[in-house]
Structure formats: structure tokens, C-alpha cells
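**Q** The structure is given below, and queries will be raised subsequently.
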Amino acid sequence: MTNKKDIADDDLKGFEELLQDNKDQKFMQAPQKNKKQKEAESGLELITFLEEESIRLDKLVDFFDHKIDKSFAQTQQLVENQKAQNAKIRESILEILSQNQSPLLKSLGEIFDHHFKNIQD
Amino acid sequence: MALPLLREIIVEQITPTKIVEYLNAKSLQQGPLVMNLLGLDRLQYKALKMFEEAIGRDMLKYKFPYGLYFLSDIKDYRGKLIIISDKSHLPEFFRKKDKKPNVKESQLLAKIELKKLKISTAPSRENLKKIDNGATVYKELYLNSQEGNFLEYIHEKLMKKVR
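This is the structure we're talking about:
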């Protein structure tokens, strides 16, 4: 039975010399662009830029013509909702804090006890 | 027709007439503009103040269709002008090599000029007010959301302690 390494070595027979010759060379070098090709690319780059700029300006025109009124329509309502929600949570926090065994009262009690006990002693 | 590319003006004098000259509407229509204040050293604050006064309440007019940027090394500026400390912070999109446009590019440029004209009338006082008010409401929403997050965090902690 032949192993995989032997098969691979057999496959490369006859090509060793070629592989050795190309060892130091870079594989698949990018073709050098001549001046004309470079110019064509930069031309395309400018056209692409101008097309994108044109689209950007279209969007701005659309924003000022149509979207400007819709854009901020719901924001005030969202602010009101958020304020109402904040008030609800604040109320809940105060409720927890004003209970007899609340963490705030416990901590305050500890501070007072510690301070005034020292003074009494 | 000039390409809408980033251009730079080196600010050397800060007299009121010169400031108005720098803020020439025509040059602002051509493309994004950078006012380089670096050469003014300690006078940079004064220059920014003067630009602010000259721009006045029409701040958004200097953002459409193209932005106005100030290159300055001032760190603690608190105003509405856009300050950048380095040219690399400028929008990459408008940084292209300037060249004479060919026929096809000129046609596209002509279309762009028309759109620019349309936009130059769009930031009317009414529209600017809408955007300004919208920004204020968005800021209010942001601050209220921040407060909401903080309150929720405290509430959650308290609930854990009570249990």
C-alpha cells in the first residue's frame, strides 16, 4: 500500500527542476499598468465620484422637499413617552427607598448609629 | 465648472471684511471648504468667534450642500462650528485629484450644478428652524433616555437588595 506522501512525490516527478527554478520568483505577479490604463482608471474614478455626488444631492433635495416634515414628527411624542416612563421608575424607586427596611434607611441608620453611639460613649 | 472637491483657505487676517470675504457664498457652493487657522496661533479663538458672529444664526446654511470646516489646534472649543485638528479627519469622499473634466464628466457636473442650485434655496429660514428644532428635540430625547437608563439601573439594584 502506498501512502499519500509517496503519491504526491510521484506526481511531482519531472517538475522538480521547474519548481526549483521558480522558487525565488513571485507567483502571479500583477501586470504592470501602463500610462493609458492608469489614466482610464482615474477617469472612471472621477465619473464614479460625480455619480455618487449626484445621488447624494438628490437625497438632500428629497430631504428638504419631502422628508423634513416627517423626520421630526414622532420625536416629541417619544420624548413625552420617555418622560412618563422615567417618572414611573422614579416613583417606584422612592417607594422602595421609603419603606421601613429599605436599603437607604438601613444604611442611614448604620451611619447615624455609628456616629451618635461614639458621641454618647 | 469646478469639481466639488475639498478646498483649503489659509486664514491670515481676521478683520471683519476679510472674514466676510472668506465666507464668500460662491466658494461655499463649489465644494467643502476648510479654513486653516493654524497660522494664527493665539488668535485662533478670536478668529472662531468672528466666524461664529459672521455666520450668525444661519449655521445650517454652511452645512448644505457642502460643509465648512475649521482646521485648528484648539482643544476646548464649545460652539457650533466644526473643528478638526488634522486634515485626515476631513471627509475622504471629497478628496480626489483635481483635473479637467472630459465631456461625459462635464455633463454630470452640469447636472450637479443644477441640483446645487436647488439645494442652495432649500435651507430657507423655515427649514433651518425645523432642523434646529428637530436637533433640540433629539437632544432632549437622548438626555431623557440616558436618565431612564440610569433610573432603571438603580431600580434593578434596589430590587435585588430588597429581595
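First to last, the sequence lines map onto chains A and Y. Here the first sequence is numbered in our numbering, starting from 5 and rising by one per residue. Here the second sequence is numbered in our numbering, starting from 35 and rising by one per residue. All C-beta atoms in this analysis are idealised placements derived from N, C-alpha and C, irrespective of residue type, glycine included. From a predicted model like this one, the values you see are computed outputs, not experimental measurements.
DSSP puts V206 of chain Y in a beta bridge; with which residues?
**A** Coverage of chain Y is limited to positions 35 through 197, which leaves residue 206 of chain Y absent and any answer about it impossible.
**Q** Quick check for students: name the residue ranges of the alpha helix (DSSP H) that lie wholly in the stretch 124-166 of chain Y, counting only runs of 4 or more.
**A** DSSP runs (the alpha helix (DSSP H)) wholly in the stretch 124-166 of chain Y: 137-155.
**Q** Is the beta carbon of F128 of chain Y closer than 9 Å to that of L57 of chain Y?
**A** Residue numbering aside, residue 57 of chain Y sits at position 23 when the second sequence is read from its first letter. Residue numbering aside, residue 128 of chain Y sits at position 94 when the second sequence is read from its first letter. Not closer than 9 Å, so no.
**Q** Could you tell me whether the Cβ of P66 of chain Y comes closer than 9 Å to any Cβ of chain A?
**A** Along the second sequence, one-based indexing puts residue 66 of chain Y at 32. Not closer than 9 Å to any Cβ of chain A, the Cβ of P66 of chain Y fails to qualify, so no.
**Q** For the ligand PLP, I want to know if L71 of chain Y counts as a neighbour, meaning its beta carbon is within less than 8 Å of at least one of the ligand's heavy atoms.
**A** Annotation note on the ligand PLP: not contained in the displayed structure, which lists no ligands.
**Q** Quick check on DSSP: helix, strand or coil for I108 of chain Y?
**A** Looking up residue 108 of chain Y in the second sequence gives position 74. I108 of chain Y: coil per DSSP, three-state reduction.
**Q** Closest to L124 of chain Y by C-alpha separation, out of Y:I108, Y:Y100, Y:G113, Y:E139, would be which residue?
**A** For the purposes of this step, residue 124 of chain Y is identified with residue 90 of the second sequence, where counting begins at 1. Checked all of Y:I108, Y:Y100, Y:G113, Y:E139; the closest Cα to L124 of chain Y is Y:Y100.
**Q** Using DSSP's beta-bridge definition, name the partner residues of I100 of chain A.
**A** Here the question's residue 100 of chain A lines up with position 96 in the first sequence. Note: I100 of chain A sits in no beta bridge, so no partner.
**Q** Are the stretch 161-179 of chain Y and the stretch 61-74 of chain Y touching, with three or more C-beta to C-beta distances below 8 Å?
**A** Judged by Cβ distances under 8 Å, the stretch 161-179 of chain Y makes no contact with the stretch 61-74 of chain Y, as fewer than three pairs qualify.
**Q** Looking at the unbroken alpha helix (DSSP H) that takes in I72 of chain A, where does it start and where does it end?
**A** For the purposes of this step, residue 72 of chain A is taken as the residue at position 68 of the first sequence. Here the alpha helix (DSSP H) through I72 of chain A covers 72-75.
**Q** Per the DSSP calculation, I116 of chain Y is bridged to which residue(s)?
**A** By one-based count along the second sequence, residue 116 of chain Y stands at place 82. In DSSP, I116 of chain Y forms a bridge with Y:Y103.
**Q** Could you run through the stretch 97-108 of chain Y and flag, in chain order, every residue whose CB is less than 7 Å away from some CB of chain A?
**A** The stretch 97-108 of chain Y vs chain A, Cβ under 7 Å: F98, P99.
**Q** What does V171 of chain Y touch in chain A if you count any residue whose Cβ is under 9 Å from its own?
**A** On the second sequence, residue 171 of chain Y is found 137 positions in, with the first residue counted as 1. Within chain A, the residues near V171 of chain Y are F76, T79, Q80, L82, V83.
**Q** Can you tell me whether L37 of chain Y is buried or exposed, with buried defined as 16 or more other CB within 10 angstroms of its CB?
**A** The count along the second sequence starts at 1 and reaches residue 37 of chain Y at position 3. The residue is buried, with at least 16 neighbouring Cβ atoms inside 10 Å.
**Q** Let me confirm a value: V137 of chain Y is counted as buried when at least 16 other C-beta atoms fall within 10 Å, else exposed. Which label applies?
**A** Along the second sequence, read from residue 1 onward, the residue named residue 137 of chain Y stands at position 103. Classification for V137 of chain Y: exposed.
**Q** Along the stretch 56-74 of chain A, what residues have a CB closer than 9 Å to any CB found in chain Y?
**A** Within the stretch 56-74 of chain A, the residues whose Cβ lies closer than 9 Å to some Cβ of chain Y are E56, E57, S58, R60, L61, D62, L64, V65, F67, F68, D69, I72, D73, listed in chain order.
**Q** Would you verify that the beta carbon of E114 of chain A is, or is not, closer than 9 Å to some beta carbon of chain Y?
**A** Counting from 1 along the first sequence, the entry for residue 114 of chain A is found at position 110. For E114 of chain A, the answer is no, since every Cβ of chain Y falls outside 9 Å of its Cβ.
**Q** My output table needs one value for T49 of chain Y: the three-state DSSP class, helix, strand or coil.
**A** In the second sequence, the residue the question calls residue 49 of chain Y occupies position 15. In this structure, T49 of chain Y counts as coil in the three-state DSSP scheme.
**Q** With a threshold of 16 other CB atoms inside 10 Å of the CB of F68 of chain A, please say whether the residue is buried or exposed.
**A** Here residue 68 of chain A is taken as the residue at index 64 of the first sequence, counted from 1. F68 of chain A should be labelled buried.
**Q** At the 9 Å Cβ level, is T6 of chain A part of the contact set with chain Y, yes or no?
**A** Here the question's residue 6 of chain A lines up with position 2 in the first sequence. At T6 of chain A, the pLDDT of 48 sits below 50, so the modelled position is not reliable and the matter cannot be decided from this model.
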